[in-house]
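Note that the UniProt record's numbering has the sequence shown beginning at 1, numbered continuously upward.
C-beta: ideal position from N, C-alpha, C; glycine also.
Step one of this worksheet: look at the structure below.
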Amino acid sequence: MISNNKYLTQGEMESNAKEIYTYLSDKGWTINAISGLLGNMQRESTINPGLWQSLKEGNYSGGYGLVQWTPATKYTNWAKANGYDIGDGTVQLYWIDQLSESTGEWIKTSAYNLTWSQFKTSTETPEYLASAYLKNFERAGVEEEEARRQYARSWYDFLESGVEPAGRYIVRFIPA
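Listed below in structure tokens is the structure:
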């Protein structure tokens, strides 16, 4: 996965989106949920696991990674403690898939009353799921909700168009 401290081009985002789709669909996520997540990732990081908020590399009080964990230490402390490269997109996807609920990052709201498991397997529209992820996980200071919803629809259309998924993963880490 492309991972560095720069904003990605459309082609680079598409490359990363294919890898994310492959990884998460193998974990049982629906294309709708993946698209909702990608809509948020595009707004947060241009789907770049190595991106620091405002390109301020090493600013651990700002956001970092695919979903711009803020402060960055919400994610980086865990990654470092477990011996992982903080910029590894696969490790970030593992965290998102497996730890979003147990760490308290996913909090279902009255407007989007979905558990984490329900979100991952939902067949609601990508737009609805983009909003659910925004409200239940991101809780962003600058929401840009409509942009996230539009991005989610675009990613759904891209993934549904029959793009070849990225190659399968060799798991390089064993979670504790």
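Since residue i is in the alpha helix (DSSP H), which residue starts that stretch and which ends it?
i    : result
L37  : 31–45
N16  : 10–26
W78  : 73–81
G89  : 89–99
A114 : The sequence shown places Leu at residue 114, rather than the Ala named in the question. It is not in any alpha helix (DSSP H) - L114 carries neither H nor E in the DSSP assignment.
W106 : Segment: none, W106 is in no alpha helix (DSSP H) and carries neither H nor E.
Y156 : 145–160
Residue i to residue j, Cα distance in whole Å?
i           : j    : result
residue 177 : V67  : Any answer about residue 177 is impossible in this case: the structure gives the chain only from 1 up to 176.
Q42         : E144 : 11 Å
Y75         : W69  : 6 Å
G62         : R139 : 15 Å
S117        : K6   : 32 Å
T90         : Y84  : 10 Å
Y151        : T123 : 17 Å
E57         : L8   : 16 Å
S110        : A132 : 10 Å
Short of 8 Å in beta carbon distance, which residues of its chain neighbour residue i, apart from the five on each side in sequence? Order them along the chain.
i           : result
residue 206 : Within the shown structure, residues of the chain are numbered from 1 to 176, placing residue 206 beyond reach of any answer.
residue 179 : This structure cannot speak to residue 179, because the chain is shown only from 1 to 176.
Would a C-beta distance cut-off of 9 Å place residue i and residue j closer than the cut-off?
i   : j   : result
I47 : L55 : no
T36 : G65 : The residue asked about is misnamed: residue 36 is Gly in this sequence, not Thr. Result no, Cβ atoms of G36 and G65 do not sit closer than 9 Å.
G95 : W78 : The residue asked about is misnamed: residue 95 is Trp in this sequence, not Gly. Yes; because the gap between Cβ atoms is below 9 Å, this pair is in contact.
Taking 7 Å as the limit between beta carbons, can you name the residues of its chain near residue i, skipping five residues before and five after?
i    : result
T115 : K108
R153 : P126, E127
T103 : none
Considering only residues of the same chain and omitting the five flanking positions on each side of residue i, which have a CB-CB separation below 6 Å?
i    : result
N4   : G50
K120 : W29, A33
N16  : M1, I2, I47
R148 : G39, N40, R43, A130, L134
I31  : L159
Would residue i count as contacting chain B if we go by Cβ distances under 9 Å?
i   : result
T70 : No chain B appears in this structure, which consists of one protein chain only.
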